[in-house]
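Numbering (numbering that gives the first Met the number 0), first residue to last: 0 to 553. Here is the structure we will look at.
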Amino acid sequence: MSVIETAKAWRAQDPDGETRAELDILISDAEAGNADALASLHSRFDERLAFGTAGLRGAIAAGSNRMNRVLVSQAAAGLAAFLLARETGPSVVIGYDGRKNSRVFATDTAELMAGAGVRTILLPRLLPTPVLAFAVRHFKVSAGVMVTASHNPPNDNGYKVYLGGDNKGSQIVSPVDSAIAEHILRVASEQNVLALPRSTAYETAGDEVVDEYVRRTVNLRKRSSADLKFVYTAMHGVGSEIAHRVFADAGFGAPIVVEEQDKPDPTFPTVAFPNPEEPGAMDLSIAKASEVQADLIIANDPDADRLAVAVPTVAGGWRRLSGNEIGLLLGWRAAERLLFDGLDGTLAASIVSSPALRKIALTYNLDYADTLTGFKWVSRVGGLAYGYEEALGYLVDPEKVRDKDGISAALDFLGLMSELKSAGRTLDDHLAAFAEKFGAYSSSQIAVRVTDLSEITRVMSALRSNPPEMIGSITVTRMEDFRDGFGQFPPSDILRMWLADGARVIVRPSGTEPKLKVYIDASSTEGTAAERLATADATVAELDRGMRHLIAAP
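Below is the structure:
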C-alpha cells in the first residue's frame, strides 16, 4: 500500500475534522506531485508513535506517527483489551490537563473503556498529574490514564499509564508496556476506530477525590512557623487551583501569583518551552518576585508534577536552585523525619541524580537505592520513604502517590524556608550546613537539543568506540556501558564515566525529548564549607568545558 493509500485509509476512520482537513490537503497536494506534501505524509505514516514505558508522547497532528484521536482511540482500546485479559472486572480512572485536545482524548478513552466493559471513572475537570496518580490508589482501580505532555512544547500531548494493585499506582514498566503495545497494534491492524464500541455510561468523579488529595497533602506538614512572602507560577498549567488550596490550608496563605501564567492556556504564550528548567521560563516570576521583594519563588510545570524554586541572592538578583539542590534538601528533611519518628525507610534517586542522597542515607543509617532514569523506577523501590530525580521530580509522600508530585514537594520546601526564616537563617546558611555535615556536592547538566536524532547516535557511538582518557584536565579511570545491562540495571543507552578525583559524568539520550543529556557531579570533604563548595564547583566547571568539547559536532 502506498503512503497516499495509507493516509486515505487513516483519514476514513478519523473522527476529528481538523486532522481530516490536514490530510485532505496533503493527499491532494501529494497526488498533484508536490514533493513536500509527499514527504510530510511519509513523516506521518512511515512509522508509528511507539507506546512504551512513558506511554505515548508527540506532536498533535494527523498520522500514525503523531498524537491524534485515531491513535488515542487505538491506544484506549488496546489498553482495555490488556486489562480485560489480565483480570476479571478491571477498572480505570482517567485524568487530563489543559493542553490542546487533552479533554477530547480523555473523553474518547472513557467512552471506549466503558464500551469495552471496563469500569471507568473520569476525573471531574482538568487537574494535575499528581491528583490522577493519587486517584489510582484512592479508587483502588486496576489502572490510570493521564492525558498530558507535561513540560513538552505547546503542540505536544501525551498519554501516561499507571497500574494499581501490586504496582501501587506506579507508571508502567517493561514488560507491561510491550504487552499493552501488542494489544494496541492488534486493534490498529484489525479494527476501524469508528466501529469500536463506545459508551457514555462511565462515572464522573466528584470533588471528594480532590478534597482528599488536598487533605492528605496538608496533613504531611506542620503549620507555618513564620510568614513567607512567596511568588507562585503555574506556567500556564493546571497546578494553581490545587496548589492554592494546599498552601492556604497548611497556613501559608495565598501566594503572589504570576497573573500572565496562572490560568491554563494550551498555547503557553509567555514561554518558548513550558519547562521551568529552560532559560527564560521563569523570567516573569523573577520580575514579580523582585517587584514585591519575595522570600522565594515556587514554580510548577504545566501538569504540576515538577517543582522549581528560585531564591534571592546577596547581590540582589535571583538564583534558580538546581534539581539536585532541591532534591538533597528535601532528602535531608525526609531523613530527619524518619529519625524523629524512629522509623526506617529507603531513600532513592535515579542514577543521574546527585550521589549526595546516598551519603545522607549512610549518615542516617537508612537504606539507599539507585534506579534508572524515570520516576516509574524510583516509585517502585521497596520501603521507599523519599525519592527524587534531578529533573525537578520529587516524591515526599510515597504512601499517598507513587509518582513525582510538585505540589506536595512545594509544601515541604515552604516548610523548610519557613523554619529557616523563623530561626533567622538563610537558605545559603542551610546549604553551608549541608556541606559541613555531608560534604559539598556540585553538579551541572548539558542538554543538546537536536533536530536530527542521528546526531545523538553519532555522539554515543563515538564515545563508545573511542572512550576518552581525559575530560578536560581530569583523568577518566573507567567507563561503564549500560547498553547490554549493568549490575542490577537492564540494558539502557547510558554511559557512565568515573574520574580520578571521584567525580562522575553520565551521558544518555533524553527519554521524552530530542536531546542528548550530560550529567556532571563532583564533591569535596576538604576544608571549610566554602572551600569544599569552591573545590566541587571548580571540578564541575572543568568537566563541563571538557564534555562540551567532546560532544561538539565534528
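Where a beta carbon is used, it is the ideal one built from N, C-alpha and C, also for glycine.
Counting along the chain, the unbroken alpha helix (DSSP H) around Arg457 starts and ends at Ser453 to Ser464. Burial of Phe133 is indicated by the presence of at least 16 other C-beta atoms within 10 angstroms of its C-beta.
Taking one beta carbon from each stretch, the segment 288 to 297 and the segment 134 to 150 have fewer than 3 pairs nearer than 8 Å; the two do not touch. Secondary structure in the segment 215 to 264: the beta strand (DSSP E) runs of 3 residues or longer, each lying completely within the stretch, are 229 to 232 in chain order. Sorting Arg482, His548, Asp451 and Ser441 by C-alpha distance to the C-alpha of Gly501 places Ser441 at the top. Pairing Phe374 with Gly510, the inter-Cα distance amounts to about 12 Å.
The alpha-carbon of Phe267 is positioned some 44 Å away from that of Thr524.
According to DSSP, Phe488 shares a beta bridge with Phe485. Residue Glu335 holds the alpha-carbon nearest to the alpha-carbon of Tyr385 among Ser72, Leu430, Leu111 and Glu335.
Straight through space, the alpha carbons of Ser472 and Leu328 are spaced by roughly 31 Å.
Secondary structure note for Leu162: its beta strand (DSSP E) is the uninterrupted segment Asp155 to Leu162. When rounded, the separation of the alpha-carbon atoms in Leu549 and Pro513 is 19 Å. Taking Ala225 as the centre and dropping the five residues before and after it, the same chain places the C-beta of Ser417, Glu418, Lys420 and Ser421 closer than 8 Å to its C-beta, in chain order.
Nearest Cα to Pro273 within the set Ala298, Val144, Val69 and Gly164: Ala298.
Non-local beta-carbon contacts of Asp155 in its own chain, meaning distances under 6 Å to residues more than five positions away in sequence, involve Ala58 and Ala148 in chain order. Here Glu324 is buried: its Cβ has 16 or more other Cβ atoms, across all protein chains shown, within 10 Å. Each residue's CA atom was taken as its position, placing Ser63 and Phe44 some 5 Å apart. When the alpha-carbon of Val71 is set against those of Leu195, Ala529 and Val217, the nearest one is in Leu195. The shortest CA-to-CA distance from Leu391 to any of Ser407, Val230, Val217 and Gly382 is the one to Ser407.
Around the beta-carbon of Val257, 16 or more other beta-carbon atoms lie within 10 Å, marking it buried. The C-beta distance from Leu122 to Val92 rounds to 7 Å, short enough to meet the 8 Å contact threshold. Between the segment 180 to 189 and the segment 72 to 86 there are three or more C-beta pairs closer than 8 Å, enough to call the two in contact.
As a beta-bridge residue in DSSP terms, Lys516 pairs with Ala446 and Arg507.
Sixteen is the threshold: when 16 or more other Cβ atoms of the shown chains lie within 10 Å of the Cβ of Ser141, as they do, the residue is buried.
Residue environment analysis places Lys436 among the exposed positions, since fewer than 16 neighbouring C-beta atoms fall within 10 angstroms of its C-beta. For a cut-off of 8 Å, the C-beta gap from Ala439 to Arg531 is around 3 Å, short enough to register as a contact. Arg319 is bridged by DSSP to Ala309. The three-state secondary structure of Gln170, taken from DSSP, is strand.
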